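So the structure is just underneath, and the comments pick up after that.
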Amino acid sequence: MPFRVRSAGRLLLAAGLLAALLPFFLLCYYNQPYLDDFALGTLGRTRGPWAAQAYLYAHLYGRFVASFLLVVGNPLTYGALRAYGLASLVINLCTLLALWFSLRSLLRPALSRLTTLLLAGALLLFFIALIPDIYASFYWFAAQVTHHLAALYLLLVVVGAVRFQQATRRAPKLAWLSLAVIGTLCTGGSSEPATVLLGWLLLVAGGISWQRWQGAALRLWAGLLGLLAGAAWLNATAPGTQQRLHATASGARNMAPLLASFWHPAWLAGALGRLLFTPGVLLLLLAPLALQPLVPALVAARPRGLRLPLPFGAAVLLVGILLGALLMQVQIESPAISSRVANLLLWWLLLGWLGACWAALPAAASQRRPVPKLVRYAIGALLVLYVLLPVRRAWREVAIEAPSWYEQCWQRYAFLQRLALTTPHVRAQVPPIRRVVPRYVLIRGYDIGTTYNRPYNRDVAAYFGVDSVRVDPAAQHAAF
């Protein structure tokens, strides 16, 4: 029988999760483009959505899947500035849907639909609280398409591969294999850190299958790894990617200086410490203890052969984080790992840790140690308090900060549009954002600068058709 949460508990949990997740979806209405969104929208409008793909591959990067979505899926390409928030809303809903679909596909015999939906909502909420930059994964379109969607592709590869091995009929096997193949190609064509994570996971899975003499599984993992390598090769050998690498390595044209640009051990150790030694990661390690009532159902639904020691699973996760972080050394911009990549690594850690604990559960009930109710309730209470921190900030932005910020942004846009129609070759000056306090959900304090020709200033100006734009440097009471 599937595990079901009691009726009163289900209603309470559903209402609580809805109230907690709702502000993050409502904030999509107030969302505004940033940096690459303007630049890629301008590229799509001037060159056309399809010609822009060749330009990006030749001059910027070889992320052929991300490049396609960044231009073709960007509302700014079509001049639909007011539809920008809709794109973020769709991606956020896809995140919840991907979590539900994955849990439902893996746990279908054991958990009811509603219980699975509650788990998916809880996972999404905890992910929001865990990551250092909510904006990068939930509102910045360019970062969402490049790294956040790649995290979803990675998840679907795992689900597709597992279900392919479980399926017995030809049509379902083909459908699940197609999902794994498409997810692999999309990952390799989107995000380099996600490609490294998926490649490491496929390598480990293949090694386990080889050690167990599971020929069919080994062929599956090897095939997916080969596809991923091919997609990564297309990305890495793109002229745009090569230009960026050589620019980062100070014009180096041989391998030694290029490789040296990847190695900054002191920075790497400090950045990983800032990423991993946080209250959120500590709570993540304890979170499986709060799920003990689900253990019998989880063991019953566990795929055959998914039985691994917890230390082994933890080691796989940590090595994956190290490998994913290595790429960040090629261009150090701050003491911490780039927030959009840090979010991806924490997604890997969140789902990977739960998966490792699932794989480590003893099959026999007599071997499972019960967790005292007091401990489970204490961990549950800490988790609730932890996720309420960003929820409170999000509701405050919805009620107070976001409407004012949205109105002032649109006043700027209207001014720039009028100016472009009358005197386009002009340096425009706009007032700063006022009476807005960043709560670091949607609003982080990012804004065009007070000097002309900064990158963001140029991108905004080019999109609206003026020479350049800046915030009035003499204006007082600027919010940020």
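In this note's numbering, the protein residues as written are 35 to 514.
For each residue, glycine too, the CB sits at the ideal point set by N, CA and C.
Quick caveat: nothing in here was measured; it's all calculated off a predicted structure.
- The alpha helix (DSSP H) runs of length 4 or more contained entirely in the segment 414-459 are, from start to end of the chain, 436-456.
- Looking at the DSSP output, alanine 462 shares a beta bridge with Val503.
- Rounded to whole angstroms, the gap between the alpha carbons of glycine 119 and glycine 386 is 30 Å.
- Taking a C-beta distance under 8 Å as the contact criterion, arginine 427 and arginine 492 do not qualify as a contact pair.
- Contact between asparagine 126 and glycine 78 fails: their C-beta atoms lie close to 22 Å from each other, not under 8 Å.
- For isoleucine 168, the closest C-alpha among the options Ala335, Ala73 and Val421 is that of Val421.
- The beta carbon of alanine 214 sits closer than 7 Å to those of Val191, Gly194, Ala195, Phe198 and Leu258, all from its chain and outside the five residues before and after it, given in chain order.
- Of the candidates Thr218, Val475 and Arg461, Arg461 places its Cα closest to the Cα of asparagine 487.
- In the structure shown, the three-state DSSP call for leucine 357 is helix.
- Cβ neighbours of glycine 358 within its own chain (closer than 6 Å, five residues either side excluded): Pro227, Val230, Leu231 and Leu379.
- When only Cα atoms are considered, glycine 314 and leucine 360 end up about 22 Å apart.
- Phenylalanine 498 and alanine 454 do touch by the CB rule: their CB atoms are close to 5 Å apart, below 8 Å.
- Residue state for serine 139 is assigned as helix, using DSSP reduced to three classes.
- Take the alpha-carbon of alanine 305 and the one of proline 299: they are about 10 Å apart.
- With respect to the 8 Å criterion, proline 83 and valine 425 are not classified as neighbours on the basis of their beta carbons.
- A direct Cα-to-Cα measurement between alanine 398 and glutamine 66 gives close to 53 Å.
- Excluding sequence positions up to five before and after cysteine 391, its CB lies within less than 8 Å of the CB of Pro322, Leu344 and Gly347, all in the same chain and listed in chain order.
- Annotation for alanine 201: Lys207 and Trp210 place their beta carbon closer than 7 Å to its own, counting only its chain and skipping 5 residues before and after.
- Asparagine 487 sits in coil when the DSSP states are folded into three classes, being neither helix nor strand.
- Relative to the Cα of leucine 302, the nearest Cα in the group Ser368, Ala324 and Ala251 belongs to Ser368.
- When DSSP states are grouped into helix, strand and coil, glutamine 66 belongs to the coil group.
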